[in-house]
Every structure is written in C-alpha cells, then in structure tokens.
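Numbering (numbering that gives the first Met the number 0), first residue to last: 0 to 529. For glycine and all other residues, C-beta sits at the position ideal for the given N, C-alpha and C. Here the structure is laid out as structure tokens; the discussion comes afterwards.
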Amino acid sequence: MTTPNRLAALSCAALVATTVAGCASVEKAAGGGGDGTITMGTTNATSVLDPAGAYDAGSWLVLNNAFQSLLSFPSGATVPQPDAAESCQFTGADALTYTCTLRSGLKFSNGHPLTAQDVKFSIDRVKKIADPSGPGPLLSTIASVDVSGDRQVTFHLESPDAVLPAKLASAAGAIVDHQVFPADKLLGNTSLIGSGPYKIDSVEMKGKAPSKIQLSANPGYQGAAERKNDKFTVRYFDKPEELKSALDSGAVDLTDNSLDPSVAAKIKSDDMAGTGTLRVAEGASGETRYLVFNTKDETGGNQAVRQAAAQLIDRKAISQDVYAGTVQPLYSVVPAGLAGHNTAFFDKYGEPDPAKAKRILNNAHVTTPVKLTLTWSRARAGAAELEAVKQELENGGLFQVTVQQEPDWTAYQAGWKNGSYQAYTVGWTPDYADADDYISPLVVDGGAYHNGWNNPQISDKLVPESIKLTDRSGGGAYDQIQKILADAVPMVPLFQNKSFYVYRPGITGVDSTMDNTGVFRFWEIGRTAK
Numbered sequence: 000m001t002t003p004n005r006l007a008a009l010s011c012a013a014l015v016a017t018t019v020a021g022c023a024s025v026e027k028a029a030g031g032g033g034d035g036t037i038t039m040g041t042t043n044a045t046s047v048l049d050p051a052g053a054y055d056a057g058s059w060l061v062l063n064n065a066f067q068s069l070l071s072f073p074s075g076a077t078v079p080q081p082d083a084a085e086s087c088q089f090t091g092a093d094a095l096t097y098t099c100t101l102r103s104g105l106k107f108s109n110g111h112p113l114t115a116q117d118v119k120f121s122i123d124r125v126k127k128i129a130d131p132s133g134p135g136p137l138l139s140t141i142a143s144v145d146v147s148g149d150r151q152v153t154f155h156l157e158s159p160d161a162v163l164p165a166k167l168a169s170a171a172g173a174i175v176d177h178q179v180f181p182a183d184k185l186l187g188n189t190s191l192i193g194s195g196p197y198k199i200d201s202v203e204m205k206g207k208a209p210s211k212i213q214l215s216a217n218p219g220y221q222g223a224a225e226r227k228n229d230k231f232t233v234r235y236f237d238k239p240e241e242l243k244s245a246l247d248s249g250a251v252d253l254t255d256n257s258l259d260p261s262v263a264a265k266i267k268s269d270d271m272a273g274t275g276t277l278r279v280a281e282g283a284s285g286e287t288r289y290l291v292f293n294t295k296d297e298t299g300g301n302q303a304v305r306q307a308a309a310q311l312i313d314r315k316a317i318s319q320d321v322y323a324g325t326v327q328p329l330y331s332v333v334p335a336g337l338a339g340h341n342t343a344f345f346d347k348y349g350e351p352d353p354a355k356a357k358r359i360l361n362n363a364h365v366t367t368p369v370k371l372t373l374t375w376s377r378a379r380a381g382a383a384e385l386e387a388v389k390q391e392l393e394n395g396g397l398f399q400v401t402v403q404q405e406p407d408w409t410a411y412q413a414g415w416k417n418g419s420y421q422a423y424t425v426g427w428t429p430d431y432a433d434a435d436d437y438i439s440p441l442v443v444d445g446g447a448y449h450n451g452w453n454n455p456q457i458s459d460k461l462v463p464e465s466i467k468l469t470d471r472s473g474g475g476a477y478d479q480i481q482k483i484l485a486d487a488v489p490m491v492p493l494f495q496n497k498s499f500y501v502y503r504p505g506i507t508g509v510d511s512t513m514d515n516t517g518v519f520r521f522w523e524i525g526r527t528a529k
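Right, dumping it as structure tokens:
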C-alpha cells in the first residue's frame, strides 16, 4: 500500500497531521497520560479508514488492529494463520476453491454477531465499490463467495491464486458489519465498527483527515492476539520535527519510521552509547521507495529517458548521505529479504555512470538536457531526498530537473491518478510478505501508482503463472518479471527502509512487532510498572 514516507509514499504509501501543543504538561496529558494509554506518533497520515477505500500505511496501521480478517500474520510469521477463522484450506485439485470455517461466537465490538454472511458482504463490498484508491485489485482473482450456515464461507476463484490466504490476512480482507456498513459506498471515518483486538472509540478530524484516533480493548474479541495494553492512541503529525518534540515531551510514547533520518541516527548512536534518553529498536522492513514515471507523458513515456535515469541514480549516496544509514539501497522492485528478490537493476546498470546514460540517450536520438519535472509530497528526509535525486539526474548535464512539492497527500494521490505529473516519488508498505505484493499491485495495468505502463507478458502470463505456485520460494517467473522491469523502467527502485522505531523508556514489546509483514501490532506494546 502507498505511504507518504516511502519516497514520501513515494510512501506508498498517506498523510495529514496535527501540530504539537505548546506546554509540556498539556502534551503529557494528551499523550501517555495517567490512564495507561500508549500513544504512537506517525507522519503516515491518511484520509480514509473504511477498509473498502483504505490502501495506505496510515490507514492500515489502524485497520490491522481494529478489524479482524479470516487469517493474520503473527509476529515473525511469513505464513498466515487462522484468526477469525478456525481453519482455512484449498479444496479440489484445481486450487480454485478456498474454504474457511469461522470460530464460533464471534461478535463485532457493537455486540452484533459476526457470521459468514458478514465475510461475504465484506469481500463483495470491496469489489462492488471498486474504489480507485482502495484494495480491490488484491481480490481480483475472487469470482464469487458462497456461505453455508453461519460459519462456513467458500471463495471461488477465476484462476489459481496461492497467495489468496495472505491477501485475506491483510486489511483488504477486513470483516465489516453488514448491519452498519453500506453495500455500495464508503462509511465515514467516525462510524467504523470492527471485531479486532481494539475498538475505535473516537476519531478527531483535521479537515478531511484524522489527526488523532483513540482505541481501547475490545472485550468481545476472539482471535490470536494477546493484548499487553488496554488503550492505544495514534496521533498523526505533519512534520518529523513536530513528532520529535512530542516524543521528547512525553506526548507520544513511540514512533514508527517517521523521524528525520539524521535525528533517528543520532538517537541510535546515543542509545548505543548509553547517553540517550530514548531507545531504538532496529530490524527488518519491507517498506520500499520508488521514482515513478508517467509513461503516458511524452518525456516519461520514452524508455531511453527512463533507462538513463536508472543509470544515473546513486542509491548508496541516498542511503548514506540523505538517510544516514537508516535505509539500504534497493536494486529491484522486490525488496531484499523476500523470496524471489534479485538485483535486476544493478545487474543491468551497475554503478551510476553519466557516460553510459549519455550513450543511452544518444542512441535513442534524445535531445539533452532532458527537461523533467519531479513532484513529491512527503519524504522522511524532506526536500533533501528530492534534491539528491535532482543532482544525480543532472550529473553530466543530461537532465534539467524541476522539483515541485504537493503538500496535500490526498491531492497528490489525485495528481498521479489523473496523470498530472511527469515523474513522482512514492513509497510502498507491503500488504503481505510475498514477492507478488510488489508486482501485482504495482506493475499490472498501471498499478497503484497509475503510471500508465503495462506489459502483457507480465500481466497475462507471468503473474498468473507465479501466483498459482504453492511453492513461494521465488525464482522463475519473478526473476523474469524483475528483469523486464529493469529494462522497461516504469519506476526506479531507490531504497528499502529499515524498521527504526524510537520509544521512551518503560515501553516494551517494540521488537516483537518488527518484520517484513508491514503489520504494526498495537497489542504487543506494553509499559513497565512504575
């Protein structure tokens, strides 16, 4: 899913925020507080929380904790396990039928029973609404859903999809109450009901986006999560420096990867030296960042221009000089650590080389300097990231780059959807830990970034071949896809985040929720007794 902080979400990835209150005593009351509430701060804000329309990091952060799916990813797991379901399995030799039996006695937080009919309603609703910013493409292989009684639900597939369990374990498979949610339109952010470990108590809005969401333990929850806290609050900030101030004052207890990278690196250094007042948990992450081209644009639609850009980008410099080592260079659409990853872009382009880039443009008879406008919305390193990309593209005088910012995340998403930008930076947070999640949603028929690019060999042959394989160890079709992408360059992979969460002393469990699934588990976070 998109997020603002992954190349600002180009961060795949969404944002709006609150400002920090002025007085430390007031901040503390609004944050950690004396009622045991744990407060998390993030710049990955969002505008939509309804599961049928939500598809960014800021929304799924909450949905993964307030809504339940048939399956879920326990901490450290790469294979989904039953959650609302008691069991799930493919039936039949053709792998076109997937059946789940629900736990008995499930209820939504409002007391309504959760039945197989709600599961069918939820999946049908996502597909019917087909929100252009929603997770519908993840469920595209589902032809129909049947129910038998209150507890059995069966998915009939248009084509074999071995990744379906992982997709259903994501927020795209969130189960909603058919008595509350309309079947053909999105529900407002302040009216949401789920059956997850937490219930949403209140959503404070700032304009069209949430600024603070307060959650508490759902007493009727039945599932795999074991809560270590009873109250959890998410606060959305517009700027990393505002988030850092709130962290220092005690207004928030922990952050995700939202702090300025140089600040995060300093906190880590102080923590390791034993001189800091904050703690750092560092681990794996599947979050990625890309430079995306609008291939319908005359400039972005020229493959030689895109290849030259790929030849000039210096990922090592971005990782070290801009992000202070809190990210790592990425040489493929699929990140390192996942089965199927390769280094297709490095294999094709090697180290940055203006002379090679010039030959690519000359051979295609492209007049230089190529004038290119690069648009961004949010980036964890701020304008420094885009300035670095600009300088690298202009190395050798081959490009003349204009950088422009669209501060409003919702407007930014609308801009890339309607083809307003030539090139833009965006990030991606995984829906599930599988190579397919970086391919099917991103490069088939324009993908989530609506860049206008499609390759029939990928969309019609290689993706169908790859998703039907029950052996998810990678290789084969995924290797071919990544090589095609390195040659066509609809987008240039820039870097892969490291999980780099900062928290105040006394907060526990942060390490337990860092892995490649992209799921931040509120229930793992606790507080030591004072």
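Assignment of beta-bridge partners to P81 by DSSP yields L70.
The C-beta distance from R520 to T507 rounds to 13 Å, too long to fall under 8 Å, and the pair is not in contact.
Each of P79, A447, P489 was checked against the Cα of F292, and the nearest Cα belongs to P489. Judged by beta-carbon spacing, Y477 lies within the 7 Å limit of A434, meaning their Cβ atoms are closer than that value.
Within the region 317 to 402, the runs of beta strand (DSSP E) at least 3 residues long that lie entirely inside it are, in chain order, 326 to 328, 369 to 375. Counted as a single uninterrupted DSSP element, the beta strand (DSSP E) harbouring V279 occupies residues 278 to 282. In the structure shown, the three-state DSSP call for F519 is coil.
In chain order, T325, F499 place their CB closer than 6 Å to the CB of A263, counting only its own chain and leaving out the 5 sequence neighbours on each side. Residues L311, D313 of the same chain have their beta carbon placed closer than 6 Å to that of P351, with the five preceding and five following residues left out of the count. A309 and K347 have their alpha carbons spaced roughly 10 Å apart.
In this structure, the beta-carbon distance from A51 to V152 does not fall below 7 Å. Apart from sequence neighbours up to five positions away, the residues of its chain that approach E464 with a beta-carbon distance below 6 Å are A476, ordered along the chain. The region 38 to 46 makes contact with the region 233 to 243, as at least three CB pairs between them are under 8 Å. Every beta strand (DSSP E) stretch that sits fully inside the region 113 to 184 and reaches 3 residues is listed by chain position as 141 to 147, 151 to 156.
When DSSP states are grouped into helix, strand and coil, Q213 belongs to the strand group. Taking a contact to require three or more Cβ pairs closer than 8 Å, the region 374 to 382 and the region 397 to 412 qualify as touching. Checking the DSSP bridge columns, you'll see V491 partnered with L290. For G40, the uninterrupted beta strand (DSSP E) segment begins and ends at 37 to 41. Closest in alpha carbon position to A171, among S71, N341, S143, Y197, is S71. Distance from the Cα of L337 is smallest, within the candidate group S86, P134, G474, for G474. V202 and N188 have their C-alpha atoms roughly 7 Å apart. Residue pairing of S86 in beta bridges, as defined by DSSP: T100. For D34, the closest C-alpha among the options A422, I192, G285, Q213 is that of Q213.
The straight-line gap separating the alpha-carbon atoms of M513 and A142 is approximately 34 Å. Ranked by Cα distance from K267, the options A92, L484, V518, K497 are led by K497. If you draw a straight line from the Cα of A323 to the Cα of L493, it is about 15 Å long. Of F107, Y220, P134, the smallest CA-CA separation from V175 is found for F107. Put simply, of V333, Q306, K238, A410 the residue whose alpha carbon is nearest the alpha carbon of G285 is V333. Nearest Cα to G57 within the set P136, M0, A283, S147: M0. With respect to the 7 Å criterion, L392 and A356 are not classified as neighbours on the basis of their beta carbons. Under the 10 Å beta carbon count, P181 is surrounded by fewer than 16 other beta carbons and is classified as exposed. L156 places its beta carbon less than 7 Å from that of L95. Of the other Cβ atoms in all chains shown, fewer than 16 fall within 10 Å of the Cβ of P406; this residue is therefore exposed.
DSSP, reduced to helix, strand and coil, places T298 outside both helices and strands of the structure shown, so it counts as coil. Judged by DSSP secondary structure, I199 falls outside any alpha helix (DSSP H) and instead within the beta strand (DSSP E) spanning 197 to 205.
G414 sits in a helix when the DSSP states are folded into three classes.
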